[in-house]
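Student:
Numbering (this note's numbering), first residue to last: 145 to 358.
1. Going by the CB atoms, is the gap between residue 150 and residue 208 shorter than 8 Å?
2. Could you check how far apart the C-beta atoms of residue 285 and residue 298 are, in whole angstroms? I think they sit under 8 Å.
3. If I measure Cβ to Cβ from residue 330 and keep anything under 7 Å in the same chain, skipping five residues before and after, which residues do I get?
4. Are the CB atoms of residue 353 and residue 241 within a distance shorter than 8 Å?
5. Do you know whose CA, among 179, 195 and 196, lies nearest residue 188's CA?
6. Going by DSSP, which residues form a beta bridge with residue 344?
7. So what's residue 206 in DSSP terms, helix, strand or just coil?
8. Under the three-state reduction of DSSP, which class applies to residue 331: helix, strand or coil?
9. If you compare alpha carbons, which of 214, 196, 211 and 233 is closest to residue 222?
10. Is the beta carbon of residue 350 closer than 8 Å to that of residue 333?
11. Could you tell me the boundaries of the alpha helix (DSSP H) in which residue 226 lies?
12. Give me, in chain order, the residues of the same chain whose beta-carbon lies closer than 7 Å to that of residue 217; leave out the 5 immediate sequence neighbours on both sides.
13. On the DSSP bridge list, what partners appear for residue 239?
14. Tell me whether residue 254 sits in a helix, a strand or coil according to DSSP, three-state version.
15. So if DSSP puts residue 325 in a beta bridge, which residue, or which two residues, is it bridged to?
16. How many angstroms separate the CA atom of residue 312 from the CA atom of residue 253?
17. Tell me the rounded alpha-carbon separation between residue 191 and residue 236.
18. Under 8 Å between the Cβ atoms of residue 148 and residue 274?
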């Protein structure tokens, strides 16, 4: 099970066999849940829908559960691309897999607007797990975790930026961004990628990347 997914969080909160709690309640239409379970069991070998309507609905389910591996997999299938892409190497030029923009855009927006170019060594990109107010401080910060390896960090919360108002512009920037793989981490599950000629470095899952082809 993906460690930072919503599904994992629900199991972590509700599954208590020692106390007699052996069921997990999810307020969600279960029609496509068997596909989700099949993916969690079998990874890229999962059985997926064969028609566009069901694929679109499963994509929404993957967004809801924040399944960082299923989202790019579905995009590759809909584009008739191989399920497993070519293995990336250090210095490969990459772009974002369009299937993951909905999962990562908020943390990209936060990092790009809270850190100046080259200000930090690298930033974690992944779901925003929570918001915190620092002790003895008036400002807040985001808790951001990598969905593949659970490495986490804190990023300042922009005081004057409403994230939802900039969603489309951030996603557009991500579709045009180009990066270079600098190194791998977490046994190859994650990569440190330098984006836009070194302006930013993000730690993110390899599944979120596509080799850029000119």
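Glycine is no exception: its CB is placed at the ideal position from the N, C-alpha and C atoms. Nothing here was measured: the structure is a model prediction, and the numbers come from that model.
Tutor: Quick answer:
1. Yes, the Cβ-Cβ distance between residue 208 and residue 150 is below 8 Å.
2. About 5 Å separates the two Cβ atoms, so the contact holds.
3. Correct list, in chain order: 292 and 293.
4. At the C-beta level, residue 241 and residue 353 come within 8 Å of one another.
5. Checked all of 179, 195 and 196; the closest Cα to residue 188 is 179.
6. The bridge partners DSSP lists for residue 344 are 339.
7. Residue 206: helix per DSSP, three-state reduction.
8. In the structure shown, residue 331 sits in a helix (DSSP, three-state: H, G or I).
9. Ranking the options by Cα distance to residue 222, first place goes to 196.
10. Their beta carbons are under 8 Å apart, which means residue 333 touches residue 350 by this criterion.
11. First-last for residue 226: undefined, no H or E at that position.
12. Taken in chain order, the residues that qualify are 188 and 227.
13. Within the DSSP bridge table, the entry for residue 239 names 354 as partners.
14. In the structure shown, residue 254 falls within a helical segment according to DSSP collapsed to helix, strand and coil.
15. Looking at the DSSP output, residue 325 sits in a beta bridge with 337.
16. If you take the alpha carbons of residue 312 and residue 253, they lie about 11 Å apart.
17. Taking the straight line from one Cα to the other gives about 30 Å.
18. Residue 274 is positioned such that its CB atom lies no closer than 8 Å to that of residue 148.
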